[in-house]
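Peer 1: Counting in the working numbering, the final residue of the sequence shown is number 1574, and the numbers go up one at a time with none missing.
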Amino acid sequence: MNSPARKIQKSAVKNIVRFPSIKANDGKTILVESILESKYCLHLEFDAEVETYFPQPRKFEVSDNDGECNIYTPDFEVIYTSGVRKYVEVKPSENAQTEHYQFLFSRFSNFLQGTNTDFLIVSEIEIYQQPLLSNYEKLYQYKKRPLLKMKNLQQCAEDINDSMPLAQLVHRLGDRAHLREIYSWIALGYLRFDMRSEPLSMTTEVKFDVC
1364 MNSPARKIQK
1374 SAVKNIVRFP
1384 SIKANDGKTI
1394 LVESILESKY
1404 CLHLEFDAEV
1414 ETYFPQPRKF
1424 EVSDNDGECN
1434 IYTPDFEVIY
1444 TSGVRKYVEV
1454 KPSENAQTEH
1464 YQFLFSRFSN
1474 FLQGTNTDFL
1484 IVSEIEIYQQ
1494 PLLSNYEKLY
1504 QYKKRPLLKM
1514 KNLQQCAEDI
1524 NDSMPLAQLV
1534 HRLGDRAHLR
1544 EIYSWIALGY
1554 LRFDMRSEPL
1564 SMTTEVKFDV
1574 C
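1) On the CB-based measure, 16 or more other CB atoms within 10 Å of its CB, does C1519 come out buried or exposed?
2) Please report the straight-line C-alpha distance between N1388 and M1565, rounded to a whole angstrom.
3) To test your reading of the DSSP string, which unbroken alpha helix (DSSP H) runs of 4 or more residues are found completely within the region 1443 to 1518?
4) Hey, would you say I1442 sits closer than 8 Å to T1478, going by beta carbons?
5) Do S1397 and F1382 have their CB atoms nearer than 8 Å?
6) Straight-line CA distance for I1523 to Y1499?
7) Given this structure, state the Cα-to-Cα distance separating K1514 from H1534, to the nearest angstrom.
8) May I have the straight-line CA-CA distance separating A1375 from V1395, to the nearest angstrom?
9) Give the C-beta separation of F1474 and V1413 to the nearest angstrom, bearing in mind that I take them to be a contact with Cβ-Cβ under 8 Å.
10) Considering only C-alpha positions, which residue in the set E1440, Y1435, F1417, F1439 is nearest to S1469?
11) Exposed or buried, M1364, counting other C-beta atoms within 10 Å across all chains shown (16 or more means buried)?
12) Could you have a look at I1434 and say whether DSSP puts it in helix, strand or coil?
13) Quick one: measure Cβ to Cβ for L1483 and V1451, integer angstroms, because I've assumed they're closer than 8 Å.
14) Quick check on this structure: which residue in K1377, D1481, C1404, F1409 has the alpha carbon closest to the alpha carbon of S1547?
15) Could you give the DSSP three-state label for R1421: helix, strand or coil?
16) Look at L1407 and K1377 and say whether their C-beta atoms are less than 8 Å apart.
17) Going by beta-carbon coordinates alone, are P1418 and I1393 separated by less than 8 Å?
18) Name the DSSP bridge partner or partners of P1383?
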């Protein structure tokens, strides 16, 4: 378990949020410093290329033009299945564009050169993409606590090869799979639809993707 590099405390400008992670902190609840950060966690949880991540991973001493050091702690460290590592700052776009943060982020990015670690700034523009975020929010409970019987999933996938509206799939499966189980298949990627193109509903075209 990686402990946060600095203690996360509530303040007038911070809303501490408990996020029930799957990939971070051995699957236990983590603390993040804003609602925006908690929404970013959903993106990390659904990104198949993300292996794990840590909030407030470590403190860095970043020098300015006068040689004085500023202490900077990124919001997240993200480790990908490929082995790539990134430090991520989650910041509202208006704040990220200020001279102070532009200078700090530029210095930190330069600091990381040669370390094989990237730096990424993510704003509400990327995080609040719709309908993607709404789909993540709807499905995350089924990803966190799925109802999954692999034998039943395999049998249903073998019997139904075509894409079809979710309502039609529910009707065809009948008592073989309840809606919670079907939502679990979607949340885990065994039953697919384009989450970026439409909000999940009973008219959404879905298709099995089970190897």
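Glycine included, every Cβ here is placed at the ideal spot set by N, Cα and C.
Here the structure is a predicted model, which is why all the values come from computation and not from measurement.
Peer 2: The relevant details are as follows:
1) buried
2) 35 Å
3) 1456 to 1459, 1462 to 1474, 1487 to 1490, 1495 to 1507
4) no
5) no
6) 25 Å
7) 20 Å
8) Only weak support is given to the placement of A1375: the predicted model assigns it a pLDDT of 48, under 50, and the value that follows is read from those uncertain coordinates. Rounded to the nearest angstrom, the two C-alpha atoms are 15 Å apart.
9) The Cβ separation is near 23 Å, so there is no contact.
10) Y1435
11) The predicted model places M1364 with a pLDDT of 49, which falls under 50 and marks its position as unreliable, so this point remains unresolved.
12) strand
13) 5 Å
14) F1409
15) coil
16) no
17) yes
18) T1392
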